[in-house]
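S.K.: Note that the protein sequences, when read in sequence, are chains U and V. Residue 57 in numbering that gives the first Met the number 0 sits at position 58 of the first sequence, with consecutive numbering throughout. Residue 175 in numbering that gives the first Met the number 0 sits at position 176 of the second sequence, with consecutive numbering throughout.
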Amino acid sequence: MAALIEAFGLAKHYLAARNLRQALRGERRVVRAVDGIDLLLEKGESVGLVGESGSGKTTVGRLLLKLTPLSAGQLSFEGDFLDRMDRARTQRFRQQAQLVFQNPFDALNPRFSIRRSLAEPLRNTGVDRAEHEPRIAEALRLVKLDDAKRHLEALPHQLSGGQLQRVVLARALVVKPVFLVADEPVSMLDVSVRAGILNLFRDLKERLSLTAFYISHDLTLVRYVCERTLVMYLGKVVEDGSTAEVIRRPAHPYTQALIKAVPRPDVDQPRESLPITGAIGDAANPLSGCRLRDRCPYAFAHCAEVEPPLVEIAPGHRAACHLHTKAIT
Amino acid sequence: MAELLTVLSNPPLKVRGSLLKVEDLAVAYRVDGINVHAVEGIDFAMQAGATLGLVGESGCGKTTLARALMGVLPTNARITRGKVWLDGVDLAALPEAERRAKLWRDLSFVPQTAMNALDPVYRLRDQMREVLCKRGGLWRSAADARAAELFSAVGLDPSRLMDYPHQFSGGMRQRAAIAMALALKPRLIIADEPVTALDVIVQRQVLDTIRGLSTDLGLSAIIVTHDISVVAYLCSIVAVMYAGRIVEFGPIDKVMREPAHPYTMGLMNASPDLERAGEDLVPIEGSPPSMVEPPPGCRFAERCPFALPACGEAQPPTMDVATDHRAACIRIDEVSDLRAQAREASTWRH
Numbered sequence: 000m001a002a003l004i005e006a007f008g009l010a011k012h013y014l015a016a017r018n019l020r021q022a023l024r025g026e027r028r029v030v031r032a033v034d035g036i037d038l039l040l041e042k043g044e045s046v047g048l049v050g051e052s053g054s055g056k057t058t059v060g061r062l063l064l065k066l067t068p069l070s071a072g073q074l075s076f077e078g079d080f081l082d083r084m085d086r087a088r089t090q091r092f093r094q095q096a097q098l099v100f101q102n103p104f105d106a107l108n109p110r111f112s113i114r115r116s117l118a119e120p121l122r123n124t125g126v127d128r129a130e131h132e133p134r135i136a137e138a139l140r141l142v143k144l145d146d147a148k149r150h151l152e153a154l155p156h157q158l159s160g161g162q163l164q165r166v167v168l169a170r171a172l173v174v175k176p177v178f179l180v181a182d183e184p185v186s187m188l189d190v191s192v193r194a195g196i197l198n199l200f201r202d203l204k205e206r207l208s209l210t211a212f213y214i215s216h217d218l219t220l221v222r223y224v225c226e227r228t229l230v231m232y233l234g235k236v237v238e239d240g241s242t243a244e245v246i247r248r249p250a251h252p253y254t255q256a257l258i259k260a261v262p263r264p265d266v267d268q269p270r271e272s273l274p275i276t277g278a279i280g281d282a283a284n285p286l287s288g289c290r291l292r293d294r295c296p297y298a299f300a301h302c303a304e305v306e307p308p309l310v311e312i313a314p315g316h317r318a319a320c321h322l323h324t325k326a327i328t
Numbered sequence: 000m001a002e003l004l005t006v007l008s009n010p011p012l013k014v015r016g017s018l019l020k021v022e023d024l025a026v027a028y029r030v031d032g033i034n035v036h037a038v039e040g041i042d043f044a045m046q047a048g049a050t051l052g053l054v055g056e057s058g059c060g061k062t063t064l065a066r067a068l069m070g071v072l073p074t075n076a077r078i079t080r081g082k083v084w085l086d087g088v089d090l091a092a093l094p095e096a097e098r099r100a101k102l103w104r105d106l107s108f109v110p111q112t113a114m115n116a117l118d119p120v121y122r123l124r125d126q127m128r129e130v131l132c133k134r135g136g137l138w139r140s141a142a143d144a145r146a147a148e149l150f151s152a153v154g155l156d157p158s159r160l161m162d163y164p165h166q167f168s169g170g171m172r173q174r175a176a177i178a179m180a181l182a183l184k185p186r187l188i189i190a191d192e193p194v195t196a197l198d199v200i201v202q203r204q205v206l207d208t209i210r211g212l213s214t215d216l217g218l219s220a221i222i223v224t225h226d227i228s229v230v231a232y233l234c235s236i237v238a239v240m241y242a243g244r245i246v247e248f249g250p251i252d253k254v255m256r257e258p259a260h261p262y263t264m265g266l267m268n269a270s271p272d273l274e275r276a277g278e279d280l281v282p283i284e285g286s287p288p289s290m291v292e293p294p295p296g297c298r299f300a301e302r303c304p305f306a307l308p309a310c311g312e313a314q315p316p317t318m319d320v321a322t323d324h325r326a327a328c329i330r331i332d333e334v335s336d337l338r339a340q341a342r343e344a345s346t347w348r349h
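1) Under the assumption that V/VAL21 contacts V/VAL83 (Cβ atoms under 8 Å), give the Cβ distance between them as a whole number of angstroms.
2) Counting only C-beta atoms, is V/MET69 closer than 8 Å to chain U at any point?
3) Whose Cβ in chain V lies nearer than 8 Å to the Cβ of U/GLY195?
4) Determine the closest residue to U/VAL142 out of U/LEU172, U/PRO120 and U/THR254, with distance taken between C-alpha atoms.
5) Which of the three DSSP states is assigned to U/SER71 in this structure?
6) Enumerate in chain order the residues of its own chain whose CB-to-CB distance from V/LEU3 is below 6 Å, with the five nearest sequence positions on each side excluded.
7) Just confirm the distance between the C-beta atoms of V/PRO261 and V/LEU337, as a whole number of angstroms; I'd bet it's less than 8 Å.
8) Does the segment 154 to 164 of chain U come close enough to the segment 99 to 118 of chain U that 3 or more CB-CB pairs lie under 8 Å?
9) Since U/VAL411 meets chain V, which of its residues come closer than 7 Å, beta carbon to beta carbon?
10) If distances are taken between C-alpha atoms only, which option among U/ALA181, U/ILE135 and U/ILE113 comes closest to U/HIS150?
11) Closer than 7 Å, Cβ to Cβ, to anything on chain V: give me those residues from the segment 150 to 161 of chain U, in chain order.
12) Excluding the five sequence neighbours on either side, which residues of its own chain have a C-beta within less than 6 Å of the C-beta of V/ALA326, listed in chain order?
13) Rounded to the nearest angstrom, what separates U/ASN102 and V/ALA196 at their Cα positions?
14) Return the bridge partner residues of V/TRP84 from the DSSP annotation.
15) Flag this pair as touching only if the segment 39 to 49 of chain V and the segment 226 to 240 of chain V have three or more C-beta atom pairs under 8 Å; answer yes or no.
16) CB of U/ARG115 to nearest heavy atom of the ligand ADP: below 7 Å?
17) Along the chain, which unbroken stretches of the alpha helix (DSSP H) at least 4 residues long are found entirely within the segment 18 to 53 of chain U?
18) Could you list which residues in chain U have their beta carbon closer than 8 Å to that of V/ARG232, in chain order?
19) Looking only at its own chain, which residues have a Cβ that is under 7 Å from the Cβ of V/ALA1, when we skip the five neighbours before and after it?
20) Is the segment 103 to 114 of chain V close to the segment 182 to 198 of chain V, with three or more CB pairs under 8 Å?
21) So is U/GLN157 buried or exposed if we call it buried at 16+ other beta carbons inside 10 Å?
22) Quick one: which residues of the segment 118 to 151 of chain V get their C-beta closer than 9 Å to a C-beta of chain U? List them in chain order.
23) Which of helix, strand or coil does DSSP assign to V/GLU431?
24) Strictly under 8 Å for the Cβ-Cβ distance: is V/ILE209 near chain U by that measure?
25) Compare the C-beta of U/TYR223 with all C-beta atoms of chain V and state if any pair is closer than 8 Å.
26) Would U/HIS301 pass as an interface residue toward chain V - the criterion being a Cβ-Cβ separation below 8 Å?
27) Curious, which full-length beta strand (DSSP E) runs of at least 3 residues does the segment 208 to 294 of chain U contain?
28) Please name the residue in U/ARG27, U/SER54 and U/SER70 whose C-alpha comes closest to that of U/GLY234.
29) Bridge partners for U/GLN162 per DSSP, in chain order?
30) Spell out whether any CB of chain A is found under 8 Å from the CB atom of U/GLU51.
31) Span of the beta strand (DSSP E) holding V/PHE108?
32) Residues of chain V with CB closer than 7 Å to the CB of U/SER191, please, in chain order.
33) Using a Cβ-Cβ distance cut-off of 8 Å, determine whether U/LEU273 contacts chain V.
34) Flag this pair as yes or no: are the beta carbons of U/HIS316 and U/HIS301 separated by less than 8 Å?
35) Secondary structure at V/PRO250, three-state DSSP: helix, strand or coil?
36) Step through the CB atoms of chain U and report whether any lies within less than 8 Å of the CB of V/ILE251.
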């Protein structure tokens, strides 16, 4: 398989003021939202990115879509560097890479009919007008919005949450992208409807051989959609492996806690206390060495001195934790 | 935990039996000149020390029910029928002022986003004082000691009482809101989606805080949530709501192991689980009915794979499945057969 996206040392730093006085004085502190990550997405692969709020996962999504400039590092799409694309290439990239929004209730213009919302991206990417109708019909068929004719003239408020999320997905698919970024695409939906959207995602990536990047705080949902999962903590990738392996044999203490923390629909589930305490640290002032060490029960002196590198601990499974580097050296 | 035993007190009930008893409760919203019944025919009782999970999807009426129990409905909503007995006193029949006097003291509320309970411009200590002094009649020094005790009980460092809410993380704010709800040793606390806005690790910490309060101190609580996993983790009894009605009610282990209503069975199939590897999630096709013109029969019938023509004709009565376990389904006699069919994904494809 060929690589669709390659990133080295990907970083996004924001300048922010802590309060008004600092802002007026021009004092800024650097928030390291994404702080040096390497990424390789193969064509046709679906990768999940999991982390708590503040881990930088949404910023990674924005970087991959060229919605915000890089602070450092290199990022290429089909071999072209995102920050060196000319106008024509950028335009083509905008058609090739699409975003599925989190909140379907906000993502559509409330005054546009569904037909108009779906025609807009076609017009923007210069698709011939005669092509619009068949393309829209095809997109609606893909997202299994049955009775599409009736829905085309509807306004967003006339549809249910599940139907709206299907429209949002159809709007991304209508321009025939090769790369899809979905940022928490089901978090606003009810459980009974959510399952249908997740199944649809899985179905589509098979049928259209899309490369998908799925961002979520919930490992449980990523499991149903992605073959590979990355776990992020404070701007760094701390674990990377096949989803099944990451869930069955989590190597990083943070991943272990994430998995243990999720309540399950089962009365007999274990209820032991979590190994990780406290809340996520400050991205403007990360700890030296390992950023998790103040919350980690296994932390030892070395963790404060050296930042743990992301090393392979089993074929195709990497983790950034000294518990594993120690075993290797 | 000995020093914390004073955090909550559970005086013996004045009336024998249930702490909370709701009888045929209905709540209507006035929308564009017509009455929309968001909640109807609610009947249940809970004992002191129980943790009741009120679970259902958006629009099912769970928040309306919780607000009606609290007596804090929006201005265009009112209780149109029924009674809410809290230890022998009918809250629904009390005049406004008397009912308000019961807030904090007899029952208190933890909102979904703790920021709605905390005032951003006051220190936590001052907000605790407001409740403890004005409502509870304590002196300042006693109030501060009590606030420190409450903070410890929910796992917060009492020194943080001098902080403002913005200095707290989301999980800490939620704990502070819980501490405040416990301030006057209420008989019952009602928490509306107390962990929904939190990240998984923090969510678990707050869930453990609530669980500790109920197992160690006998807290009586109603947890309103859309997440059946949270109910499974935390609650001793559960009420499953659908389109304004309770469709199933019972002890958590019975309802989760042997669900009796097809909606509960569907909800279990649709709920993601980290452990059940490889299995598909099975959605429930369709969406809930309009509450403006609800169907005359069972409200789940349209989405139910087991619906019979009779289901569309009349509201199904609530029937006993086992001791304390009830469901509103006319096919309750065939429940074990339906349960077996419900496990097959093909059953749910229309």
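Where is the CB? At the ideal position from N, CA and C, for every residue including glycine.
M.R.: On the basis of the supplied data:
1) As a first step, residue 21 of chain V is located in the second sequence; it is residue number 22 there, counting from the start. As a first step, residue 83 of chain V is located in the second sequence; it is residue number 84 there, counting from the start. Here V/VAL21 really is in contact with V/VAL83; their C-beta atoms are around 5 Å apart, less than 8 Å.
2) Taking the second sequence and counting its residues from 1, the one referred to as residue 69 of chain V is at position 70. Contact with chain U is absent for V/MET69, since none of that chain's Cβ atoms lies less than 8 Å from the residue's Cβ.
3) Taking the first sequence and counting its residues from 1, the one referred to as residue 195 of chain U is at position 196. Correct list: PRO282 and GLU284.
4) As a first step, residue 142 of chain U is located in the first sequence; it is residue number 143 there, counting from the start. Cα-wise, what sits closest to U/VAL142 is U/LEU172.
5) Here residue 71 of chain U refers to the residue found at position 72 when the first sequence is read from its first residue. Note on residue identity: the sequence assigns Ala, not Ser, to residue 71 of chain U. DSSP places U/ALA71 in strand when its eight states are reduced to three.
6) Taking the second sequence and counting its residues from 1, the one referred to as residue 3 of chain V is at position 4. At V/LEU3, the pLDDT of 44 sits below 50, so the modelled position is not reliable and the matter cannot be decided from this model.
7) Counted from its first residue, the second sequence places residue 261 of chain V at position 262. Counted from its first residue, the second sequence places residue 337 of chain V at position 338. Taking a contact as a CB-CB distance under 8 Å, the pair V/PRO261 and V/LEU337 counts as one, their CB atoms being some 7 Å apart.
8) yes
9) The structure shown does not extend to residue 411 of chain U, since chain U spans only 0 to 328, so no value can be given for it.
10) Sequence index remark: in the first sequence, residue 150 of chain U carries index 151 (1-based). Closest option to U/HIS150, Cα to Cα, is U/ILE113.
11) SER159 and GLY161
12) Here the question's residue 326 of chain V lines up with position 327 in the second sequence. GLU247, ALA259, HIS260 and VAL320.
13) Reading the first sequence from its first residue, position 103 is the one you call residue 102 of chain U. Reading the second sequence from its first residue, position 197 is the one you call residue 196 of chain V. Going by the C-alpha atoms only, they are around 15 Å apart.
14) Position 85 of the second sequence, counting from 1, holds the residue named residue 84 of chain V. Bridge partners of V/TRP84: V/LYS20 and V/ASP89.
15) With three or more CB-CB distances shorter than 8 Å, the segment 39 to 49 of chain V counts as touching the segment 226 to 240 of chain V.
16) As presented, the structure is devoid of all ligands, the ligand ADP included, so that no description of it is given.
17) 19 to 24
18) Reading the second sequence from its first residue, position 233 is the one you call residue 232 of chain V. Before going further, note that residue 232 of chain V is Tyr rather than Arg in the sequence given. By Cβ distance, chain U contributes PRO262, ARG263, GLN268 and ARG270.
19) Your numbering for residue 1 of chain V matches position 2 in the second sequence. Low confidence applies to V/ALA1: its pLDDT is 37, below 50, so where it sits in the model is not reliable, and the reading given next is rough at best. None.
20) yes
21) Looking up residue 157 of chain U in the first sequence gives position 158. Exposed, because fewer than 16 other Cβ atoms sit within 10 Å of the Cβ of U/GLN157.
22) For the segment 118 to 151 of chain V, the set of residues with a beta-carbon nearer than 9 Å to any beta-carbon of chain U is empty.
23) Nothing about residue 431 of chain V can be reported from this structure: the residues present for chain V run from 0 to 349 only.
24) Taking the second sequence and counting its residues from 1, the one referred to as residue 209 of chain V is at position 210. No, V/ILE209 lies away from the interface with chain U (no Cβ there is under 8 Å from its Cβ).
25) On the first sequence, residue 223 of chain U is found 224 positions in, with the first residue counted as 1. It does; some Cβ of chain V falls within 8 Å.
26) Position 302 of the first sequence holds residue 301 of chain U. No, because no Cβ of chain V sits closer than 8 Å to the Cβ of U/HIS301.
27) Listed in chain order, the complete beta strand (DSSP E) runs (minimum 3 residues) inside the segment 208 to 294 of chain U are 210 to 215, 227 to 232 and 235 to 241.
28) Locating residue 234 of chain U in the first sequence gives position 235, where the first residue counts as 1. That would be U/SER54, whose Cα lies nearest to the Cα of U/GLY234.
29) Your numbering for residue 162 of chain U matches position 163 in the first sequence. DSSP lists no partner for U/GLN162.
30) Reference to chain A is not applicable here, since the protein chains of this structure are U and V.
31) Mapped onto the second sequence, residue 108 of chain V falls at position 109. Segment 106 to 109, the beta strand (DSSP E) holding V/PHE108.
32) Here residue 191 of chain U refers to the residue found at position 192 when the first sequence is read from its first residue. What U/SER191 touches in chain V: GLU56, GLY265, LEU266, ALA269, PRO282 and ILE283.
33) Taking the first sequence and counting its residues from 1, the one referred to as residue 273 of chain U is at position 274. Judged by the 8 Å Cβ criterion, U/LEU273 is in contact with chain V.
34) Along the first sequence, read from residue 1 onward, the residue named residue 316 of chain U stands at position 317. Along the first sequence, read from residue 1 onward, the residue named residue 301 of chain U stands at position 302. Taking 8 Å as the Cβ cut-off, U/HIS316 and U/HIS301 do not qualify as a contacting pair.
35) Along the second sequence, read from residue 1 onward, the residue named residue 250 of chain V stands at position 251. DSSP places V/PRO250 in strand when its eight states are reduced to three.
36) As a first step, residue 251 of chain V must be located in the second sequence, where it is residue number 252. Cβ-Cβ to chain U under 8 Å: yes for V/ILE251.
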